Amino acid sequence: MIARLPLLPAGECDEIVAVLDKLNWADGLAPGQLYREKVKGNKEIAFQMSPQTAPADELIKQINNAIMSSSHIRTRMFPKSMVNPRFNLYSDGGFYGPHADSAFLGDNRRQVRTDYSMTLFLTEPDSYEGGELRLTYPSGEEMRLKEPKGTLLFYPSGVMHEVLPVTSGRRIAFVGWVESHIQSQQERDLLTEITTLCDDMMADESTALGEFHTRALNVKHNLYRMWWKGQ
Ligand SMILES: [Fe+2]
Numbered sequence: 000m001i002a003r004l005p006l007l008p009a010g011e012c013d014e015i016v017a018v019l020d021k022l023n024w025a026d027g028l029a030p031g032q033l034y035r036e037k038v039k040g041n042k043e044i045a046f047q048m049s050p051q052t053a054p055a056d057e058l059i060k061q062i063n064n065a066i067m068s069s070s071h072i073r074t075r076m077f078p079k080s081m082v083n084p085r086f087n088l089y090s091d092g093g094f095y096g097p098h099a100d101s102a103f104l105g106d107n108r109r110q111v112r113t114d115y116s117m118t119l120f121l122t123e124p125d126s127y128e129g130g131e132l133r134l135t136y137p138s139g140e141e142m143r144l145k146e147p148k149g150t151l152l153f154y155p156s157g158v159m160h161e162v163l164p165v166t167s168g169r170r171i172a173f174v175g176w177v178e179s180h181i182q183s184q185q186e187r188d189l190l191t192e193i194t195t196l197c198d199d200m201m202a203d204e205s206t207a208l209g210e211f212h213t214r215a216l217n218v219k220h221n222l223y224r225m226w227w228k229g230q
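Position 93 of the sequence shown, counting from 1, maps to 92 under numbering that gives the first Met the number 0, and the rest follow consecutively.
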């Protein structure tokens, strides 16, 4: 499932970009020069990257809080933890070729399974050429996504994806990876459906807290008991 939702107002995105404009971007983190040349040609400011980029750390914490407290995200993705948050910049032909995200990210102390990848767009789509996020499914079906600033995209990390070259302007975004409390996409979808059903029954006076609603709640809670992993 892909989630697309407005997370930040446009003005807040502009304020974030204004802070980032005062900082130094580094070459995107890559396992060697060959990967940088062939696959990953962007710039990044990562969480706790350097004392000079400390102002970005505060922004990352704020964005993280906004994502984790979003009811839309909580009821669909069941986020447990986020890893490797960072801002990235594509300009002057910058790109990120087709790739698979690593199954686990983090350091020796803490490894996080990547169930979802996130992109929060921070610059307007008409301010740059190219820069579409392209997802390619095993069936060959593809999606090209280029969203208004302030829009957050959640997409499954297991789908091959890329950022097409930005041939003019600047594409600035926030990215991160999320482990879900529920590993299986099928289970996540069922939990979302039963939770939505219970909420709808609660909102309807003719069904709220009646026998059918109560039985649906019982099923919902038992499914959570069965599938929920971690605190
Ligand atoms: Fe990726």
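The beta carbon of each residue, even a glycine, is placed where N, CA and C say it ideally should be.
Every value quoted in this text rests on a predicted model; they were computed, and no experiment measured them.
- Annotation for D100 indicates a beta carbon within 7 Å of some heavy atom of ligand 1.
- The three-state reading of DSSP puts D188 in helix, counting H, G and I together.
- Using a Cβ distance threshold of 8 Å, T122 and K148 count as a contacting pair.
- Remark: C-beta atoms of S126 and D100 do not approach each other more closely than 8 Å.
- Between P84 and I59, the gap from beta carbon to beta carbon is short of 8 Å.
- Our two residues, S205 and T194, have alpha carbons roughly 18 Å apart in a direct line.
- With fewer than three CB-CB distances shorter than 8 Å, the region 182-190 does not count as touching the region 63-73.
- Looking at the DSSP output, P5 sits in a beta bridge with T150.
- Where F211 is concerned, the enclosing alpha helix (DSSP H) starts and stops at E210 to W226.
- Taking 3 residues as the minimum length, the beta strand (DSSP E) runs contained wholly in the region 104-152 are 110-112, 115-120, 127-129, 132-135 and 141-144, in order along the chain.
- The residue among F94, M225 and K219 with its C-alpha nearest the C-alpha of R169 is F94.
- For N64, the uninterrupted alpha helix (DSSP H) segment begins and ends at A53 to M67.
- One thing to note: F103 has its Cβ no nearer than 8 Å to the Cβ of S179.
- Scanning G175, I171 and N63 for the CA closest to the CA of L88 turns up I171.
- According to the DSSP assignment, K21 belongs to no beta strand (DSSP E), since it is labelled neither H nor E.
- Measuring C-alpha to C-alpha distances from S156 to each of E146, V16 and R133 identifies R133 as the nearest.
- For S179, the beta-bridge partners assigned by DSSP are P78.
- Residue pairing of M159 in beta bridges, as defined by DSSP: T135.
- Around the Cβ of A215, a 10 Å sphere holds 16 or more other Cβ atoms; the residue is buried.
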